[in-house]
Every structure is written in structure tokens, then in C-alpha cells.
Amino acid sequence: MKIIYNKIFLEHNTGNHPENKGRLIYFTQLSNSKINYDESILKLVHTKEYVTSVKKHCLRESSLTLDTPVCKKSFQVAVYAANAAIKAAEEKAFALVRPPGHHAGKNFGGGFCLFNNIAIAVQDLLNNGKKVFILDFDLHHGNGTQEIFLDKKNVIYFSLHQSPPCYPGTGLVSENNCINIPLPYGTSDADYINSLEKKLIPILYSFNPDIVAVSAGFDSYYKDKDSLGFGIGFNLTTKSYKKIREILKPHPSFFVLEGGYKPESIKEEVDVFVK
Ligand SMILES: [Zn+2]
Numbered sequence: 008m009k010i011i012y013n014k015i016f017l018e019h020n021t022g023n024h025p026e027n028k029g030r031l032i033y034f035t036q037l038s039n040s041k042i043n044y045d046e047s048i049l050k051l052v053h054t055k056e057y058v059t060s061v062k063k064h065c066l067r068e069s070s071l072t073l074d075t076p077v078c079k080k081s082f083q084v085a086v087y088a089a090n091a092a093i094k095a096a097e098e099k100a101f102a103l104v105r106p107p108g109h110h111a112g113k114n115f116g117g118g119f120c121l122f123n124n125i126a127i128a129v130q131d132l133l134n135n136g137k138k139v140f141i142l143d144f145d146l147h148h149g150n151g152t153q154e155i156f157l158d159k160k161n162v163i164y165f166s167l168h169q170s171p172p173c174y175p176g177t178g179l180v181s182e183n184n185c186i187n188i189p190l191p192y193g194t195s196d197a198d199y200i201n202s203l204e205k206k207l208i209p210i211l212y213s214f215n216p217d218i219v220a221v222s223a224g225f226d227s228y229y230k231d232k233d234s235l236g237f238g239i240g241f242n243l244t245t246k247s248y249k250k251i252r253e254i255l256k257p258h259p260s261f262f263v264l265e266g267g268y269k270p271e272s273i274k275e276e277v278d279v280f281v282k
């Protein structure tokens with residue numbers, strides 16, 4: 008599987024924030040992928056008012072929310088990240104982007120997210136008549152993605168995440184087409200794989216999507232445990248991600264990077280999917 012990457016993703020400058028350019032340190036030797044710059048795709052899922060407000064925050068370098076700092080270039084970088092997600096969907100590739108996206112909803116950002124990269128790519132696929140299954144294995148619940156697709160046709164959102172208590176505090180129960188699997192702090196491979204086998208497989212196989220869109224967050228990897236604060240994290244090893252790879256094998260899939268705050272977590276587990 009090909010990686011979509013561009014050095015522009017290092018230019019969303021957040022200083023010492025956990026979501027910083029150092030996360031991609033192991034990939035900086037990659038050559039730059041050609042990525043479109045098209046702001047109009049933001050409208051696929053976000054309101055015009057929200058897009059304008061993000062632009063203003065970036066121009067003033069004033070944080071979007073308390074936990075989401077931005078710099079002057081962040082708007083432009085975030086537009087490239089969303090376009091990279093669309094390219095990943097077209098090429099069945101892995102979009103190695105930042106800022107991440109799954110906490111951004113129609114009219115809100117936060118949780119280090121400006122625009123919902125994967126949701127923009129998924130809405131584009133839905134508009135082209137495709138049936139899409141979204142798998143989100145980031146440690147956190149993708150509240151933005153759920154808000155965007157709740158009750159929409161031809162799409163299922165399936166998330167495994169830590170809850171409670173963990174940011175953003177949503178995803179405790181399933182709602183219609185949004186299937187939520189809350190798991191406790193320190194979840195092991197055995198319990199995680201059990202959820203994949205008992206819950207993910209039956210729903211994925213019976214839905215039979217044209218494509219699977221994966222919100223790939225490696226803050227669920229054991230090396231990231233407690234990196235955002237004590238009591239936050241799972242004990243997953245490569246075994247769990249290999250199981251996900253095996254389950255997805257019969258389905259055309261693409262991936263978009265979400266969380267993962269130890270550079271080695273991202274390096275080691277991106278390799279599981281791209282090598
Ligand atoms: Zn996360």
C-alpha cells in the first residue's frame with residue numbers, strides 16, 4: 008500500500024503540543040506526493056461559517072479551542088490533509104497527514120482537529136454512489152465523524168475506543184448506523200481481538216461495503232499508553248493491528264492517520280498496513 012505524504016504536513020506548527028510535527032519524524036525522508044489544493048471540498052461536511060472561523064483563527068494564530076493550537080499556515084496545511092484523504096480513497100492508500108480530523112464536526116473543531124479529513128473523503132464517495140464502512144481504531148471516539156454521518160444512508164461508522172473516562176466522553180452506546188464499542192483503560196490484545204471477531208466482523212461482512220475508510224489512530228498502541236496523561240491508553244501490540252489488516256483484506260480500503268503521539272507508535276504500526 009502506497010503512502011500519501013508531503014512535507015507540508017510539518018508546517019502546522021504547534022510547538023510543544025503533543026500533536027506536533029515530530030510525530031512524523033520517521034517519515035521525513037519520503038518523497039512528496041502530489042496533492043491537490045481545493046478548499047471547496049471542505050463544504051462536503053463543514054458549514055461555510057465554520058470554515059471561515061478556522062481561517063480567521065489561523066490568520067490570528069489564536070487557538071481554535073483550548074486544546075487545539077494553530078499557526079498562520081495551519082488552514083492551508085489542513086486543506087492539504089483533507090485533499091490527501093480524498094487521494095488516499097482514490098488510490099487505496101495510506102494518508103499520513105496532520106492535523107488529524109475525527110473530532111471535527113459540521114460546525115466545530117477541537118481535540119487537535121481542524122477539518123474532518125476522513126469524513127470529507129467518505130462524503131465524496133457517498134456522493135459518487137458508493138457504500139462506505141468507516142472503521143475508527145483511534146483510542147478516542149470520533150465524535151465529529153459520528154455527528155456527520157449519524158442516520159445517513161449507505162454508511163456505517165464503527166469505533167472501538169476507550170470510554171469512560173476519556174476524551175471526548177461520547178461513544179458510550181451505539182446509535183442507529185453508528186456502532187460504538189467502548190473499552191476500558193489498559194485493554195489487552197485478547198479482549199480487543201475478541202471485540203473485532205464478535206462485533207466488527209459480523210457487521211462489516213453483512214453490510215458488504217464498496218470500500219472501507221479507516222481512521223487510523225495509533226494512540227491505541229501500548230507505546231502510547233499514558234502519553235496524553237495517566238489512565239489514558241490500551242495495551243495493544245502489533246498483534247491487534249495485524250488482525251485488523253487480516254479482517255480488511257477482502258475489502259478495498261484506505262487509511263487516514265488520526266492520533267498516535269509517540270513517533271515510534273506511528274512508525275511501527277503504519278508499517279503493518281503499508282508493508
Ligand atoms: Zn486519539
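In terms of this note's numbering, the sequence shown has 89 at position 82, counting the first letter as 1, and numbering is strictly consecutive. Glycine residues also receive a C-beta, built at the ideal position from the N, C-alpha and C atoms. Note that the structure is a prediction, hence the values are computed from the model and not measured.
Presumed contact (8 Å Cβ cut-off) between residue i and residue j, rounded CB distance
{"i": "I141", "j": "S222", "result": "7 Å"}
{"i": "P191", "j": "H168", "result": "With 8 Å as the limit, P191 and H168 do not qualify as a contact, their Cβ atoms being about 11 Å apart."}
{"i": "T177", "j": "N150", "result": "4 Å"}
{"i": "S170", "j": "D231", "result": "Actually they are not in contact, since the Cβ atoms of S170 and D231 sit about 16 Å apart, beyond 8 Å."}
{"i": "Y57", "j": "N123", "result": "With 8 Å as the limit, Y57 and N123 do not qualify as a contact, their Cβ atoms being about 11 Å apart."}
{"i": "G240", "j": "L146", "result": "6 Å"}
{"i": "S166", "j": "N187", "result": "6 Å"}
{"i": "G224", "j": "F144", "result": "6 Å"}
{"i": "T72", "j": "G116", "result": "6 Å"}
{"i": "V84", "j": "L49", "result": "Not a contact, Cβ separation roughly 13 Å."}
{"i": "V82", "j": "V61", "result": "The sequence given here places Phe at residue 82; Val does not occur at that position. F82 to V61, Cβ: 6 Å. Contact."}
{"i": "L243", "j": "Y199", "result": "6 Å"}
{"i": "C248", "j": "V279", "result": "The amino acid occupying residue 248 in the given sequence is Tyr; Cys does not appear at that position. Indeed, because the Cβ distance is near 5 Å, the residues count as touching under 8 Å."}
{"i": "I42", "j": "I11", "result": "7 Å"}
{"i": "V162", "j": "L133", "result": "6 Å"}
{"i": "E276", "j": "T245", "result": "7 Å"}
Three-state secondary structure assigned by DSSP to residue i
{"i": "Q156", "result": "One point to set straight first is that residue 156 is Phe, not Gln, in the sequence displayed. It is helical."}
{"i": "Y268", "result": "coil"}
{"i": "E151", "result": "In the sequence as displayed, the identity of residue 151 is Gly instead of Glu. Helix, per DSSP."}
{"i": "S170", "result": "coil"}
{"i": "D131", "result": "helix"}
{"i": "Y33", "result": "helix"}
{"i": "D143", "result": "strand"}
{"i": "Y12", "result": "coil"}
{"i": "F283", "result": "For residue 283 there is no data in the structure shown, the boundaries of the chain being 8 and 282."}
Check: residue i C-beta below 6 Å from any heavy atom of ligand 3
{"i": "V281", "result": "In the structure on display, ligand 3 does not appear, and the ligands it does have are ligand 1."}
field: Contiguous alpha helix (DSSP H) assignments of at least 4 residues, all confined to the stretch 35-111
entry: When DSSP assignments are scanned along the stretch 35-111, the uninterrupted stretches of alpha helix (DSSP H) that are 4 or more residues long and fall wholly within it turn out to be 55-67, 81-98.
field: Segments assigned beta strand (DSSP E), at least 3 residues, entirely inside the stretch 176-244
entry: List check, beta strand (DSSP E) in window: 185-190, 218-223.
query: Taking three-plus beta-carbon pairs below 8 Å as touching, is the stretch 88-103 in contact with the stretch 127-146?
result: Contact between the stretch 88-103 and the stretch 127-146 is present, because at least three Cβ pairs lie under 8 Å.
Any heavy atom of ligand 1 nearer than 7 Å to the CB - residues listed: Here the residues come out as D145, L146, H147, G224, D226, E265, G266.
Segment contact flag, the stretch 101-110 with the stretch 255-263, C-beta cutoff 8 Å, min 3 pairs: Contact holds: three or more Cβ-Cβ distances are below 8 Å.
query: Does the stretch 67-81 come within contact of the stretch 10-26, defined as at least 3 CB pairs closer than 8 Å?
result: The answer is yes - the stretch 10-26 touches the stretch 67-81, with three or more Cβ pairs under 8 Å.
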